[in-house]
Amino acid sequence: MPDPKRRKDIKEKEFLGFAKSYLSEAFPNPQRNGCPRDSELTRMAEHPNETAHASVSQHLTRCSPCFNRYMELLAELKTRKAK
Ligand SMILES: [Zn+2]
7 MPDPKRRKDI KEKEFLGFAK SYLSEAFPNP QRNGCPRDSE LTRMAEHPNE
57 TAHASVSQHL TRCSPCFNRY MELLAELKTR KAK
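Have a look at this one:
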């Protein structure tokens, strides 16, 4: 039985997980309209810079294919660093 009092105790991780699964499907963009180049996503994953990548990071919140690609790049970076 889940304890109802714990419901409001939403962990940040759970929220991020929700945002991830939501963003990865909410905005299909088969035409890839307005998508940044893959090299730009790579650069942002490697050297995130809020000013330089403002438009790209904003695009990620509106485009599921790019969001998924970016998540992939981040995961790749992480495994590369772990080695
Ligand atoms: Zn896109």
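In short: position in the sequence shown from 1, add 6, done, that's this note's numbering. Think of the CB as a built atom: it goes at the ideal place given N, C-alpha and C, for glycine as much as any other residue. None of the values given here were measured: they were computed from a predicted structure.
If you look at H65, you'll find it in the alpha helix (DSSP H) that goes A60 to L66. Annotation: the continuous alpha helix (DSSP H) that includes T48 extends over D44 to E52. Relative to ligand 1, N55 has its C-beta separated by 7 Å or more from all heavy atoms.
The residue among A60, R68 and T57 with its C-alpha nearest the C-alpha of A32 is R68. Within 10 angstroms of the beta-carbon of P36 lie fewer than 16 other beta-carbons, which makes it exposed. E78 and R86 have their C-alpha atoms roughly 12 Å apart.
In this structure, N35 has its CB closer than 7 Å to one or more heavy atoms of ligand 1. Boundaries of the alpha helix (DSSP H) harbouring F24: E18 to A32, taken from the DSSP string.
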